[in-house]
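Structure first, commentary second.
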Amino acid sequence: MTKQSIFGRIAQLTKANINALIDSAEDPQKMMDQMIRDYTNNISEAEQAVAQTIGNLRMLEDDYREDEQASSEWGTKALAASNKAEEFRASGDATNAAKFDNLAKVAIQRQMQAESEMKGAEPTISSQREIVEKLKTGLEQMKLKRTELVSKRDELTARSKAAAAQNQMHEAIKAVNIMDATSEISRFEEKIRREEAKVRGAAELAASSLDSQFEQLEDLGEKTEIEARLAALKAKQTGALES
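One gets this note's numbering by counting positions in the sequence shown from 1 and adding 208 to each.
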C-alpha cells in the first residue's frame, strides 16, 4: 500500500459524517457493523504502513548519523595530517610535508563527501518525519472515529431494544382495551345471576311441591276423621235399635 493511498483512506474515513450516514441507511445497525469492520481493517493496514514508514525513517537517520560521524572523523584526520605536514616542513623535510598535505586533502575530500550525503539526506528525512507525524495523527483519528462509531452503535442498539419493548407493552395495553374487561365482568356477573335465579326457581318449585303434599295429607286426615265419625254414628244407631 502506497503512502498516497493510505493518506486518501485516512482522509476519507476521518472526514466521514457518521450521523449523516446513519440517517441515510436503510438498516443503520448493519451499516455501522460494516463500518466498524472497515475501520478495524484499515486501522490494521495503517498501523503496518506507519510502522514501515517509521522503520524507513530510522534507517535514514542511522545513515545520517554515520555520515555525521564520518565527517567528524575525516575532519580530525585532516587536521592531524596537516599538523604532521607542518612538523616535517619545519624540520626541512619537504617530501614528507607534501605527503601529509596530500593525506590531509584526501581526508578533507572524504569529509566533504560525507557532508554532501548528509545535506542530500536532510530533505528526505524531514519529509519522512512529516509523513510519519501525519500518519500517526490520522491513525489516532481513525481509532477515535472507530470508538465513536462503536459507542453510537451500542447506544442505538440499546435504544432500539427499549423502543421495541415499549411498543410491545403498548400493544398489550391496546389488546386489553379492545377486550374491554368491564364487559367481560358484566357478562360473568349476568351468568351468575342466571344461575342464582335458576336455584331460586328450583327452591320455589320444591317448596310448592312439598306444600301440596302436606295439603293432601291434611285432606286425607280430614276424610279419615269423617269416616271414623260416620262409622261411630252408625254403630251407635245400630246399638239403639237392638236395645
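C-beta atoms are modelled at their ideal positions from N, C-alpha and C, and glycine is treated no differently.
Between I262 and the ligand NAD, is there a pair consisting of the residue's CB and a ligand heavy atom that are separated by less than 7 Å? For the structure depicted, the ligand NAD is absent and the ligand set is empty, with no information on it obtainable.
Would you kindly check if the distance between the Cβ of D270 and the Cβ of E325 is under 8 Å? Taking 8 Å as the Cβ cut-off, E325 and D270 do not qualify as a contacting pair.
Cα separation between S519 and L287? Examination of residue 519 is not possible in this model, given that the chain is present from 209 through 451 alone.
Spatial distance of I316 from G283 (CA atoms): Distance between the alpha carbons of I316 and G283: 6 Å.
Given 8 Å as the limit, is there contact between the stretch 255-267 and the stretch 303-317, that is, 3 or more CB pairs closer than that? Output reads no: the stretch 303-317 does not touch the stretch 255-267.
Classify A271 as helix, strand or coil using the three-state DSSP reduction. In the sequence under discussion, the amino acid at residue 271 is Asp, which differs from the Ala named in the question. D271: helix per DSSP, three-state reduction.
Identify whether D301 lies in helix, strand or coil by the three-state DSSP scheme. DSSP places D301 in the coil class of the three-state scheme, outside both helix and strand.
Is it a yes or a no for the stretch 252-259 touching the stretch 354-362, going by three-plus beta-carbon pairs under 8 Å? Fewer than three pairs of CB atoms, one per stretch, sit closer than 8 Å, so the stretch 252-259 makes no contact with the stretch 354-362.
T248 beta carbon less than 8 Å from that of R354: Yes, these two residues count as a Cβ contact at 8 Å.
Rounded Cβ spacing between I251 and V358 (contact assumed at less than 8 Å): Approximately 12 Å separates the beta-carbon atoms of I251 and V358; this is outside 8 Å, ruling out the contact.
Look at the alpha carbon of K327 and the alpha carbon of N304, and state the distance between them as a whole number of angstroms. Each residue's Cα considered, the two are about 34 Å apart.
Buried or exposed by the 16-neighbour rule on C-beta atoms within 10 Å, applied to S279: S279 comes out buried.
For I339, is the classification buried or exposed, using 16 other Cβ atoms within 10 angstroms of its Cβ as the cut-off for buried? So I339 counts as buried.
CA-to-CA distance, Y272 to T332, given in whole angstroms: Cα to Cα, the separation comes out at about 11 Å.
Cα-Cα separation, L438 to Q445: Those two C-alpha atoms are separated by around 11 Å.
My output table needs one value for M209: the three-state DSSP class, helix, strand or coil. Because M209 carries a pLDDT of 47, less than 50, the predicted location of this residue cannot be relied on, and no value is offered for it.
Classify A440 as buried or exposed, calling it buried when 16 or more other Cβ atoms lie within 10 Å of its own Cβ. By the neighbour-count definition (other C-beta atoms within 10 Å, threshold 16), A440 is an exposed residue.
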